[in-house]
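A short worksheet on the structure shown next.
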Amino acid sequence: MGMYESVRSVMRFRSFERDADLRRIQAAANLDDLRRIARRRLPRGVFDYVDGGAEDEVTYRRNSSDYHNWEFVPSVLKDVGHIDTSSSLLGRPIPLPVALAPTGFTRIVEPQGELAVARAAARADLPYSLSTLGTRSIEEVAEAGAGGRHWFQVYVWKDRGLVQNMVERAAECGYEAIVITVDLAVPGRRERDIRNGLTLPPQLGLQMVLEGARNPLWTWRLLRSEPITFANVIGRTDQDGTTAVALSSLVNRQFDTSLSWRDIEWFRSIWDGPIIIKGIQSVADARLAVEHGVEAIAISNHGGRQLEGAPTPIELLEPIVQEVGDSLEVICDGGARRGSDILKALALGAQAVMVGRAYLYGLGAAGEKGVDWVLDFLGHTMRSTMALAGVRSISEVGRDLVKRRPYT
1 MGMYESVRSV MRFRSFERDA DLRRIQAAAN LDDLRRIARR RLPRGVFDYV DGGAEDEVTY
61 RRNSSDYHNW EFVPSVLKDV GHIDTSSSLL GRPIPLPVAL APTGFTRIVE PQGELAVARA
121 AARADLPYSL STLGTRSIEE VAEAGAGGRH WFQVYVWKDR GLVQNMVERA AECGYEAIVI
181 TVDLAVPGRR ERDIRNGLTL PPQLGLQMVL EGARNPLWTW RLLRSEPITF ANVIGRTDQD
241 GTTAVALSSL VNRQFDTSLS WRDIEWFRSI WDGPIIIKGI QSVADARLAV EHGVEAIAIS
301 NHGGRQLEGA PTPIELLEPI VQEVGDSLEV ICDGGARRGS DILKALALGA QAVMVGRAYL
361 YGLGAAGEKG VDWVLDFLGH TMRSTMALAG VRSISEVGRD LVKRRPYT
């Protein structure tokens with residue numbers, strides 16, 4: 001064998017990927033890699049809006065790092081030739097215990113915005129929550145994600161007629177549940193957005209022009225697409241979705257600070273399906289959710305974007321589950337970045353986890369294909385973690401699967 005044949009026998013070259021989006025992420029090993037790709041591709045103000053948290057961002061960082069407070073107690077010599085990640089959520093089967101959290105202003109990341117996310121979620125057969133402050137409408141998302149499971153996230157505005165209109169439109173479009181977010185009575189102090197002077201929808205001011213010059217592909221796509229608006233409220237309020245405003249201004253003008261547990265009865269009068277309360281941050285409030293008969297709660301501190309110093313979902317999860325038992329379903333919202341995080345949450349009693357930033361990193365890195373990558377990654381890493389831990393199905397996941405790491 002000559003030298004050329006010897007070299008060729010040990011060298012293998014990756015075939016060239018023609019799709020630019022797939023080519024960009026083919027070397028990504030995890031969500032941190034995807035985050036770095038998104039950071040390179042997006043203007044600073046846009047990336048910081050997605051990535052940032054409140055004040056010193058301690059709660060935001062702990063949402064993920066507190067998963068490391070728990071370690072597995074693996075079982076070996078199990079037949080793990082077949083791993084089943086399927087479960088149920090709100091009484092319906094689900095292939096992976098994951099729901100896609102609502103995120104506002106998604107089209108500032110990629111022009112397709114919520115439509116791309118809805119399509120990816122439908123392919124994966126996972127629930128997707130459309131935000132009240134979405135940049136695609138209730139009807140558009142229902143059409144784009146036809147056949148998928150849709151939830152509608154509700155911010156309670158002072159104009160209750162507008163809220164009722166949106167909830168009724170969601171019902172007409174076959175949405176499965178409403179997700180009432182209760183942790184945004186006033187806006188958190190998101191200091192990255194303050195420094196960047198971010199308005200939503202974004203204005204093409206001098207700073208945005210300068211950022212756009214450094215991110216020409218993002219700018220080109222933005223200029224070629226229709227204007228970004230608050231699609232679910234346009235034409236239905238004096239803040240009709242076309243004017244750029246600071247988030248704090250919008251919250252102060254429209255969000256109802258008088259929202260209380262009494263309003264759950266009102267939602268029952270206008271909505272026949274399941275109700276999820278998102279933003280539970282204490283055992284006492286979880287108990288009240290049971291008393292008010294909601295079907296599920298999402299333990300959430302709004303991704304660390306509201307109250308700095310709030311408890312992290314993974315740390316609050318077990319005490320809440322011990323309190324509510326099987327009276328309602330518990331979703332852990334915040335910080336999950338791998339399948340191992342999902343498995344830890346299930347062991348501590350969650351029915352599922354919600355992910356938000358994770359799929360936005362994918363959307364920013366590679367558009368719709370990036371969202372597909374994230375959902376595939378979560379499923380793959382969950383299956384591998386289950387196999388290594390000696391767990392073959394979700395029904396085998398119990399509290400004895402994890403223990404708290406000793407403090408050092």
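1 is the number of the first residue of the sequence shown in the working numbering; add one for each residue after it.
Positions of the beta carbon are idealized from the N, C-alpha and C atoms, including for glycine.
The continuous alpha helix (DSSP H) containing LEU34 extends over residues 31-41.
The alpha-carbon separation between ILE94 and ASP125 amounts to approximately 7 Å.
Residues of the same chain with a CB within less than 8 Å of the CB of SER384, apart from the 5 flanking positions on each side, are GLY339 in chain order.
Beta bridge pairing from DSSP links ALA296 with ILE276 and GLU329. Remark: three or more beta-carbon pairs, one from each stretch, lie closer than 8 Å, so the segment 36-46 and the segment 365-376 are flagged as touching. Taken in chain order, the complete alpha helix (DSSP H) segments of 4 residues or longer contained in the segment 118-192 are 138-144 and 160-172. Annotation: the continuous alpha helix (DSSP H) that includes SER64 extends over 58-65.
As DSSP reads the structure, LYS344 sits in no beta bridge. Judged by beta-carbon spacing, VAL355 lies within the 8 Å limit of VAL98, meaning their Cβ atoms are closer than that value. Looking only at VAL117, TRP70, ASP32 and ASP21, the smallest Cα-Cα distance to PRO406 is reached by TRP70. DSSP, read as helix, strand or coil, puts ASP84 in strand.
About 5 Å separates the beta carbon of LEU96 from that of GLY379, a gap short enough to meet the 8 Å contact definition. In this structure, the straight-line span from the alpha carbon of ARG192 to that of VAL109 is close to 16 Å. For TRP70, the three-state secondary structure derived from DSSP is strand. The segment 224-231 makes no contact with the segment 334-349, as fewer than three CB pairs between them are under 8 Å.
For GLY293, there are no CB contacts under 7 Å within the same chain when 5 residues up- and downstream are skipped. For LEU22, the enclosing alpha helix (DSSP H) starts and ends at 20-25. Fewer than three pairs of CB atoms, one per stretch, sit closer than 8 Å, so the segment 42-51 makes no contact with the segment 309-327. Within the DSSP bridge table, the entry for PHE255 names TRP157 as partners.
LEU360 has its alpha-carbon roughly 11 Å from the corresponding atom of ASP372. The three-state reading of DSSP puts ILE94 in strand, counting E and B together. Residue burial is scored here from C-beta neighbours: ARG136 has at least 16 other C-beta atoms within 10 angstroms and is therefore classed as buried. Setting aside the 5 residues that flank it on each side, ASN196 is surrounded in the same chain by ARG44, GLY45 and ASP48, each with a C-beta closer than 7 Å to its C-beta; the list follows chain order. Under DSSP, VAL402 forms a beta bridge with PHE72. Going by beta carbons, HIS150 and ALA144 fall outside the 8 Å limit. Shown here for ALA387: same chain residues with a beta carbon closer than 6 Å to its own, the five before and five after excluded, namely VAL80 and ILE83 in chain order. A straight-line Cα-Cα distance of about 9 Å links VAL353 and ALA101.
Burial check for PRO111: the Cβ neighbour count within 10 Å reaches 16 or more, so the residue is buried. For ALA28, there is no enclosing beta strand (DSSP E), as DSSP marks it with neither H nor E.
Below 8 Å, enough C-beta pairs join the segment 294-306 and the segment 328-339 to call them touching: three or more. When the five nearest sequence neighbours on each side are left out, the beta carbons in the same chain lying within less than 7 Å of the beta carbon of VAL73 are those of ASP400, LEU401, VAL402 and LYS403, in order along the chain. Excluding the 5 residues flanking it on each side, LEU115 has same chain C-beta neighbours closer than 7 Å at ARG136, GLU140, VAL141 and ALA144, in chain order. Here the C-alpha atom of LEU162 lies approximately 36 Å from the C-alpha atom of SER64. If you check the CB distance, GLY188 and HIS302 come in under 8 Å. Between LEU130 and PHE152, the C-beta gap is smaller than 8 Å, which places the two residues in contact.
ILE342 counts as buried, since at least 16 other C-beta atoms from the protein chains shown sit within 10 angstroms of its C-beta.
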